[in-house]
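Only one structure is covered here, and it is reproduced in the block below.
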Amino acid sequence: MGKSEIIIRLAGEGGEGVISAGDMFTAGAARLGYQVFTFRTYPSQIKGGPAWYQIRVSDKSVLSMGDGVDVLIAFNEEGYRDHIGELNKDGVLIYDPDTVTPDGKGHTSYPVPFNEISRKKLDFFRGKNLVVLGTMSALFGLDPGSLEGMVRSRLARRAELLTKNLESLDHGYNYARKNIEKSDPYYLAATEKISRVVMGGNEAVAAGALAAGCRFYGGYPITPATEIFLTLAAELPKVGGVCFQAEDEMAAIGSVIGASIGGSKAMTATSGPGLSLMTEFLGYATIAEVPCVIADVQRGGPATGLPTKNEQSDFFHAVYGGHGDAPRIVVAPGSVEDCIYQTINAFNLAERYQMPVLLLSDQSLSHRTETFLPPDLSHVRLEERLTANGAAGAEFARYKLTENGISPVTIPGRPGTYSSPGLEHDEKGAPTTASKWHIAMTDKRFRKLDLAAKEGAASPRYGVRNAEIGIIGWGGTEGAIREAVDRAVAKGYKVAALHPKMVHPLTKGEIEKFVSPLKKVIVPEINYQGQFAHYLRGTLGIDVVRLNKYDGLPFCPGDIFQKIEEVI
Amino acid sequence: MVETAALTLRDYRTDVKPIWCPGCGDFGVLSSTHKALVQLQLRPENVVIASGIGCSSRLPYFVKTYGIHGLHGRSLPLATGMKLARPDLTVLAYGGDGDMFSIGTGHTPHAARRNVDITAVCMDNQIYGLTKAQTSPTSVRGYKSKSTPYGSPDEPLNPVLLALASGASFVARAYSARAKELTDLLIKGIQHKGFAFIHVKSPCVEFINTYDMLDRLVEEMPVDHDPSDLQAAMNLAVTEEKVHVGVFYESERPVYEEVAHSWFKPTDFDADAFFRRF
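So this is what it looks like as structure tokens:
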């Protein structure tokens, strides 16, 4: 009986097919009905430098990258040395004897001359990734016919390459069948062919934006957020929207605010350095009460930091960054599929409360692939800002002090002109430095935040009812936390997790209710400072056990499980 | 059908009192803006004026149209977003020399080369007035102010030349004290299809009163100037003996938002079809 869940890691040099072989294996496995969770990391350069791609594939649901590595495919010596230490018991090493000299200690290993097959036998070095794919298919039970179909559809428009690529796939497959005597336990069981979406977080954010009614995107390319921009550049015109490449991040968010005042649902996406540049405009959107969505795909910082690595270190910036008392809402999706829903949520919140809403994604979430059933968005409710069109007279009070802080807005082209102010202002939006107006308007802006906290959707709770140990996480760590909880519960520990999606403002009562019966609360996050832990303590007075890492990589379930055992 | 009465100056005035010092050139720009809107009979709700920060950028509060009093240097991105989302509206961007040629310089050439149909008005007084007299990017070399007490070591930036070099399809200069000409140029700029840049010499009476100098130096375009001749426009822009007013350059080329909107397909987002592709 084989192990039907496999963690495969391909490690080598950027540009030599590590990523494309991984991508194709993922697509092929998903096509066959397997569930897949990938993680990739690569250097901040186009060719060269260490790159690796991890695929966790199973016939059951997979929520994280898993623990350790079952199968390491080393393309070069560095790929072997850097990763062999993470090989699990029963793990397998597959390597190219041309470039890797393994110590051969304590694990199964299969040499496969990928370079020789592709370069000498096939005279088609570009097909090396397909040789690898063919080998993987033979060794771990992916139907080669189905992979062939996938290659055919991918290369439909490049017939001249198709034959060579299929030959490469074949050679890899046959080499493994003839030359490798399989002695490892990993083999995927046949699974039901269910059509699933195979998607990354950035594409999912773009999908959510389109579904939410976003019709303007202003952006500037930045890793790891760029695919949001690229997807919307292709898709927005198809639904009557504009995608605008600005000259810098200040212009990007400026155009978004301009478009939103013009009545469009508008967004931008960036990463840490870009968010820093946009920050003055975040304050503007707060004081002028302009709905807009800013997706921040976090990476390692500060400054240029680690452009291609994972971190959750922009929480403080998202919540507090910038000068002045500037309320804003921050949401953080927990998985790729959740990126769709939280992006829609972000637009709805922006429209309802007329303020900037930040969506905190991260590098791992953005560039990993998850499989999920095609979402049915037909029941998703979309919100529109409260407008006064028709009712606005000549003396329109754009910033009318209402009980809940939300004032009706007018859209250009209809009566009710006003000037959107960056200065403190009275109800009509006219500048004033009078204390009474600054107090009244600050209160008004924070009333909206209070309301958002009250009206916030319930956070998903996971685990046992009578928990003694709790985990409060945020953002892309949700899957790893859930798997850690599963493992702990299976071992008899009383553990539950709460994963708020609107991370600011928090729904106070809900967090307090979750925390009050607990003996310990663990807050895992990928940053040094324990930013969310700090925030929980500061806003709710909750003492927590921090679990921080800042190695540029996401959590494995084992990291969190270990912490649970430690505090229990 | 209801006959709508012709719009008059009253329809464009707000009750917000300008913050400017008596005699400030910006009054001239405001008054010409009101007049241009009356002459064009643009409905107030169909006009948006975006601005930056500084004395001049307060202008939107004094014009009864939609306005965006933005951030320092950012009138053009705001105006660009507005125009791309709403090409049906008339969009103007106002700012000072600090806005458009110091903190926001990065946006000026891009707005020009893109040719978004915006009228950009730079009210240049050669000084930072609102922060009380510091040297600006258009202050002359050697200019003594509190920020350059030994005289500015910088060469001033030439707004008209920069706009021409950046590919603005309409470039003009006006003088705030010559109201009729300024109004006419604003009208021409608004009517121009594409990015129109109007450099307005707008003196600061408080800190650097250039009225006398400008009265002496301002001169209309040479009668034989051909505004389709970019080279000739550049030559006039670098002339130091005179401050030429009028249209330096005018040409027609594709407008950004028209190109962007030409790709539009009037369909709703089909989520199911989108997800099927992944």
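First to last, the sequence lines map onto chains G and V.
Residue 1 is where the first sequence starts when you use the numbering used here, and the numbers rise one by one after that.
Residue 569 is where the second sequence starts when you use the numbering used here, and the numbers rise one by one after that.
Yeah, the Cβ is synthetic: ideal placement off N, Cα and C, and Gly gets one too.
- The shortest C-alpha to C-alpha distance from G/F140 to any of G/A497, G/G172 and G/V151 is the one to G/G172.
- For G/E247, the chain V residues whose Cβ falls inside 7 Å of its Cβ are G674, H675 and H678, in order along the chain.
- With respect to chain G, the C-beta atom of V/P705 has no partner C-beta closer than 9 Å.
- Close CB contacts of G/V57 within its chain, under the 6 Å cut and outside five residues either way in sequence, are with I6, A29, Y34 and V36 (chain order).
- When C-beta distances to chain V are compared with 7 Å, every residue of the stretch 58-69 of chain G stays at or above that value.
- Between the C-alpha atoms of G/F216 and G/C339 there is a straight-line separation of about 19 Å.
- Within the model, the alpha-carbon separation for V/T673 versus V/A679 is close to 10 Å.
- Rounded to whole angstroms, the separation of the alpha carbons of V/L804 and V/H760 is 21 Å.
- By the neighbour-count criterion, in which 16 or more other beta carbons inside 10 Å mark a residue as buried, V/R578 falls on the exposed side.
- Less than 9 Å separates the beta-carbon of G/I526 from that of G/N310.
- Shown here for G/N548: same chain residues with a beta carbon closer than 7 Å to its own, the five before and five after excluded, namely E525, N527, Y528 and G530 in chain order.
- Annotation: G/I222 has no Cβ neighbours in chain V at a cutoff of 9 Å; minimum Cβ distance is about 16 Å.
- In the three-state reduction of the DSSP assignment, G/C339 falls in the helix class, which pools H, G and I.
- By the Cβ-count criterion, G/L87 is buried, with 16 or more other Cβ atoms from all chains shown falling within 10 Å of its own Cβ.
- Excluding sequence positions up to five before and after G/L210, its CB lies within less than 7 Å of the CB of E235 and V239, all in the same chain and listed in chain order.
- Among the residues facing chain G, V/Y662 is not included, as its CB has no counterpart in that chain under 9 Å away.
- About 21 Å separates the beta carbon of V/T576 from that of V/V616, a gap too long to meet the 8 Å contact definition.
- The beta carbons of V/S625 and V/Y662 sit closer together than 9 Å.
- Straight-line spacing of the CA atoms in G/G258 and V/L753 works out to 25 Å.
- With a threshold of 16 other beta carbon atoms within 10 Å, G/D103 falls short and is exposed.
- Contact residues of the stretch 630-661 of chain V toward chain G are K632, T633, Y634, G635, I636, H637, G638, L639, R642, P645, L646, A647, T648, G649, M650, L652, A653, R654, D656 and L657 (C-beta to C-beta distance below 7 Å).
- The residue from G/R385, G/D362 and G/I73 with its alpha-carbon nearest to that of G/P224 is G/D362.
- DSSP assignment within the stretch 33-110 of chain G yields the following whole alpha helix (DSSP H) runs of 4 residues or more, N-terminal first: 77-83.
- With a contact defined as Cβ atoms closer than 8 Å, G/K3 and G/P291 miss out at about 50 Å.
- Around the CB of G/D70, 16 or more other CB atoms lie within 10 Å, so the residue is classed as buried.
- Chain G places a beta carbon closer than 9 Å to that of V/F843, counting this residue as a contact.
- Segment contact: the stretch 579-595 of chain V against the stretch 722-741 of chain V, fewer than three CB-CB distances shorter than 8 Å; contact not assigned.
- Under the Cβ criterion (8 Å, minimum of three pairs), the stretch 830-837 of chain V does not count as touching the stretch 772-784 of chain V.
- For G/R157, no chain V residue has a Cβ inside 7 Å of its Cβ, as the nearest lies near 15 Å away.
- In this structure G/L373 is exposed. Its beta-carbon is surrounded by fewer than 16 other beta-carbon atoms within 10 angstroms.
- The beta carbon of G/I222 lies closer than 6 Å to those of T270, S271 and G274 in the same chain, with the five residues before and after it left out.
- Going by C-alpha positions, V/I766 is about 54 Å away from G/H499.
- Residue burial annotation: G/V112 is buried, with at least 16 other C-beta atoms found within 10 angstroms of its C-beta.
- Counting along the chain, no alpha helix (DSSP H) covers G/P356; the unbroken beta strand (DSSP E) around it starts and ends at P356 to D362.
- Interface criterion met: the Cβ of V/A828 is under 9 Å from a Cβ in chain G.
- In the three-state scheme derived from DSSP, where H, G and I count as helix and E and B as strand, G/G470 is classed as strand.
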